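Just below is one structure, and these are the notes that go with it.
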Amino acid sequence: MPSGPHSNVPAGVWDKVGRNLHLQRNHPIQIIKSHIYQYFARSHKDMQGMPLFRTYDEFPPVVTTTQNFDDLLVPKDHPGRRPTDTFYVDQAHVLRTHTSAHQSELLRRGENAFLVTADCYRRDEIDASHYPVFHQMEGVRLFAPSELASFTAEAVLEDLKRTLEGLVRSLLGDVPLRWVDAYFPFTHPSLELEAFFHGSWLEVLGSGVIHTDVLKLCDRTDRIGWAFGIGIERIAMVLFDVPDIRLFWTQDKRFLEQFSDGNISNRFKPFSKYPPVYKDITFWCPPGFHENDFCSAVRDIAGDLVERVQVIDEFTHGKTGRQSRCYRITYRSMERSLTNTEIDELQQNVRTHVSQELRYELR
Ligand code: FA5
Ligand code: MG
């Protein structure tokens with residue numbers, strides 16, 4: 016477990032390194048990965064009739080900041096680089112925040128079509144669709160001039176949208192989908208795809224036309240192409256109707272036994288819904304306050320017993336300009352009923368940590 020002055024990886028996250036749900040038989044994450052590999056193998060063939068896309072799913076999770084950020088033109092002052100957002104192993108290494116970290120090395124090797132599946136890590140908000148460890152699949156396709164009707168970004172974008180719509184429809188059927196404009200430093204134009212799930216729009220992937228400056232860095236200016244990064248948990252939630260992302264990490268047989276390799280037509284039958292317990296905490300935000308620091312502390316203390324962290328009230332003091340926030344923490348186990356004593360103890364630990372380690376002034 017990394018422990019130097021620049022490391023901010025908590026034990027609860029480090030424990031998940033190596034779990035590789037995308038390699039675990041009969042696990043929903045693995046089932047979706049295999050479906051996508053097969054879909055591409057069928058739909059995209061090379062001149063010899065062999066699958067066009069090469070697949071990689073064993074790249075180690077610790078990458079350099081060059082791979083994760085610089086190669087992708089992420090500006091030095093981009094918030095995504097900060098230790099509030101990213102888990103640093105040391106100053107020059109991070110737990111990859113996305114599978115795009117492997118794009119450039121494969122492009123430099125001369126590859127033109129590949130899929131990379133891997134575990135990714137982020138300090139993020141806490142709710143039913145965000146988890147500090149999740150799985151992405153990167154897809155990249157470069158075209159030679161002869162492979163496109165016109166050698167333009169428009170033609171690439173059209174191929175990207177057609178490919179992804181076909182892929183996502185093969186999994187999600189007629190679930191409502193919509194494209195929204197997005198921004199990534201390494202693609203232009205950029206788009207995200209959202210799926211309608213439990214009453215709201217859930218983002219399932221980011222994508223775009225690969226920025227010409229990325230291709231320049233890789234010495235691949237003879238081609239143009241697209242890339243996408245799909246959130247496998249998000250697809251799995253919509254496909255199997257899994258209401259909470261924490262379930263993918265459970266060892267509970269009542270969850271795991273509902274899934275089997277090759278089967279994407281079953282829906283998850285919730286085995287129980289235990290009651291939530293709500294606890295509020297109010298504090299003055301110190302200068303430079305970042306919500307991810309608070310969420311990360313709650314996650315470290317409560318693990319998978321925390322379901323959601325949300326601001327329910329905030330105000331700024333008229334004279335001092337200090338900001339006060341009240342956060343509501345929802346505790347709920349996916350597997351059992353929680354006792355009051357247990358939750359009171361967790362909440363007390365959160366309060367102590369917040370005041371003594373993070374040095375927030377409680378109210
Ligand atoms: C990216 O990570 C880009 N690398 C995607 C990309 C690749 C764009 C290639 C262009 C070209 P984004 O941060 O939006 O983008 O994440 C992509 C997907 O990962 C999201 O749509 C979501 O499905 C999933 N995701 C992101 N954060 C989390 C999280 N904390 N928990 C679960 N899934 C997540
Ligand atoms: Mg996004």
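The sequence shown begins at 16 in the working numbering and counts up by one.
Cβ atoms here follow ideal geometry from the backbone N, Cα and C, with glycine treated the same way.
Quick caveat: nothing in here was measured; it's all calculated off a predicted structure.
Query	Result
Pair within 8 Å by beta-carbon distance, P291 and Y346	yes
Beta carbon nearer than 7 Å to a non-hydrogen atom of ligand 2	A197, E207, E218 and G221
Cα-Cα separation between R235 and L377, rounded to whole angstroms	55 Å
Extent of the continuous beta strand (DSSP E) run through I344	Q338 to Y346
Simplified DSSP state of G151, which is helix, strand or coil	A small fix is needed here, since residue 151 is Gln in this sequence, not Gly. Strand.
S311 and P25 closer than 8 Å at C-beta	yes
Opposing strand residues paired with Q325 [DSSP bridges]	R343
Presumed contact (8 Å Cβ cut-off) between V219 and R249, rounded CB distance	4 Å
beta-carbon D139 near ligand 1 non-hydrogen atom, thresh 7 Å	yes
Near ligand 1: E180 beta-carbon under 7 Å from a heavy atom	no
Closest by C-alpha distance to G27, when choosing among H332, L320 and Y375	L320
Minimum C-alpha distance to V190 - residue among H213, L206 and F201	H213
For F330 and H226, the rounded distance between their alpha carbons	42 Å
Straight-line gap, V257 to L36 (C-alpha atoms, nearest Å)	16 Å
Separation of Q266 from V224, as counted between CA atoms	39 Å
Residue from H59, E360, I44 and D295 with nearest C-alpha to S275	I44
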